[in-house]
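This note's numbering applies: residue 249 is where the sequence shown begins, and numbers increase by one.
Ideal Cβ positions, reconstructed from N, Cα and C, are used throughout, including at glycine.
Treat the numbers as computed from the prediction; the structure is a model and nothing was measured.
What follows is a short report on a single structure.
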Amino acid sequence: MDLLYEAAVAGAIPVIRPLRESLAGEQILRVMGIVNGTTNFILTRMEEDGVDFDDALAEAQQLGLAERDPTADVEGHDAAAKAAILAALAFGSDVVDADVHREGISGIKAADVAYASRLGYSVKLLAIAELVDGGPELSVRVHPTMVPKSHPLASVRGAFNAVFIEGAVSGELMLYGRGAGGGPTASAVLGDLVDAARNLRSGAPGPAPKRTSITVRPQPDLWSAFYLSMDVADRPGVLAAVAKVFGDHQVSIRAMEQVGLADEARLIFLTHLAREGDLLATIDDLRLLQAVDRVSGVLRVIGVEEG
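Below, the structure is given as structure tokens:
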């Protein structure tokens, strides 16, 4: 008996079969992708036209790209389920939804998308499954991410999907196409039906996915570079107080910019690689500072390596 589900991730894009069959002899290091067309459409509109989240979502609903209740898409539930499937296929792990760290895009501000673009990044909701430090632990997560515009995933616009695979021998592969919609989904389902019919006729089931024992590392123990924006009182000594909080938690600042906002200032920080638990503790303490009005944007950044 075959259990085939090509349409479950990225619609018509052939992702399941390559991971299960073509790359069966490869050591997969990382699978990350844009696997939800609704959120990618919204973020594309926010980047290209400067619209805010609510207006971009309303447009997606008018075009039939978002449900009346868009929670599953914009809060990352749909992408998290797909991340669990990709992790199971790539690494043979028994990952379920509860193992996937999940953050959506409803809190993303147009200003942060604009700042990211000016810094050379596109904001994407990524589903990521990867070996941590080469294994044996695994990280599986879904969250908004600043992706360098030089990266292939940054060029995926509108409601399109793409899955980027990194193998120890094969190197980098990207599968791109229409990830949703009746036609693309029907194409993937029909392909599964043809496969099932062939296997039934030959009397042999399709290849079984690999199974291994692997654990998921807790999210606070992962390392990443981060983007933070915060609104603070525009007066002497504030920047020094903010920088001290970063230093107290061993979070190193890579770049900083200040933008005037009437009697306030917006501070924008890019960090070096930092442990996520330390970054979260930094944010908690920043919010306790009297001069800090709000920490309005927090995004992980890929493509930053320590040299």
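Can you name the start and end residues of the alpha helix (DSSP H) that residue i belongs to?
i: Thr319; result: 319 to 322
i: Ala529; result: 524 to 534
i: Ala513; result: Element bounds for Ala513: not the alpha helix (DSSP H) but the beta strand (DSSP E), 512 to 519.
i: Gln309; result: 301 to 310
Note down, in chain order, each residue of its chain lying with its Cβ closer than 8 Å to the Cβ of residue i, except the 5 sequence neighbours on either side.
i: Pro468; result: Arg523, Glu524, Gly525, Leu528
i: Ser354; result: Phe301, Val322, Glu323
i: Met294; result: Asp300, Phe301, Ala304, Ile356, Ala358, Val361, Val371
i: Gln309; result: Glu315, Arg316, Pro318
i: Pro384; result: Ile462, Thr463
i: Asn288; result: Ile282, Lys372, Leu373, Val404, Arg405, Gly406, Ala407, Phe408, Asn409
i: Ala328; result: Asp345, Val348, Arg350, Ala375, Val390
i: Trp471; result: Leu521, Ala522, Arg523, Glu524
i: Val493; result: Thr530, Asp533, Leu534, Leu537
i: Glu274; result: Gly415, Ala416, Val417, Ser418
Could you pull out every residue in the same chain whose Cβ sits closer than 7 Å to the Cβ of residue i, ignoring the five residues on either side in sequence?
i: Ala335; result: Ser341, Val343, Ala377, Leu386, Val388
i: Gly368; result: Pro396, Lys397
i: His399; result: Gly551
i: Val263; result: Val257, Val411, Leu423
i: Asp511; result: Asp482
i: Leu277; result: Glu378, Leu379, Glu414, Gly415, Ala416
i: Leu337; result: Ile264, Leu267, Arg268, Pro457
i: Asn284; result: Asp321, Asp326, Ala327, Leu373
In terms of residues, what are the limits of the beta strand (DSSP E) holding residue i?
i: Arg293; result: Per DSSP, Arg293 belongs to no beta strand (DSSP E); it is in the alpha helix (DSSP H), 285 to 297.
i: Val273; result: According to the sequence displayed, residue 273 carries Gly and not Val. Segment: none, Gly273 is in no beta strand (DSSP E) and carries neither H nor E.
i: Gly508; result: 501 to 509
Any idea what DSSP makes of residue i, helix, strand or coil?
i: Asp541; result: strand
i: Ile264; result: helix
i: Gly355; result: coil
i: Ser341; result: coil
i: Leu334; result: helix
i: Leu547; result: strand
So if DSSP puts residue i in a beta bridge, which residue, or which two residues, is it bridged to?
i: Arg278; result: Glu378, Glu414
i: Ala316; result: Per the sequence shown, the amino acid found at residue 316 is Arg instead of Ala. For Arg316, which the question treats as bridged, DSSP gives no partner whatsoever.
i: Gly325; result: According to the sequence shown, residue 325 is His rather than Gly. Paired residue(s): none; His325 is not in a bridge.
Leaving out five residues on either side along the sequence, give the residues of the same chain with a beta carbon under 6 Å from the beta carbon of residue i.
i: Leu547; result: Pro392, Met394, Tyr475
i: Gly555; result: Interpretation of Gly555 is limited by its pLDDT of 40, a score under 50 that renders its predicted location unreliable; the figure taken from the coordinates is listed afterwards. Result list for Gly555: empty, nothing under 6 Å.
i: His497; result: Asp526, Ala529, Thr530
i: Val490; result: none
i: Gly485; result: none
i: Ala539; result: Val480, Ala481, Val486
i: Phe517; result: Leu476, Ile501, Met504
i: Tyr424; result: Ala410
i: Met280; result: Leu374, Ile376, Phe412
i: Arg265; result: none
Does the beta carbon of residue i fall short of 7 Å from some heavy atom of the ligand GDP?
i: Ile261; result: With respect to small molecules bound, the structure shown includes none, and the ligand GDP cannot be examined in it.
- Query: Which parts of the region 359 to 433 are runs of the beta strand (DSSP E), unbroken and 3 residues or longer, counting only runs that do not cross its ends?
  - Reply: Scanning the region 359 to 433 from its first residue to its last, the whole beta strand (DSSP E) runs of 3-plus residues come out as 369 to 379, 385 to 396, 408 to 415, 419 to 426.
- Message: If we require 3 or more residues per run, which beta strand (DSSP E) segments fall completely within the region 450 to 496?
- Response: You should have 471 to 481.
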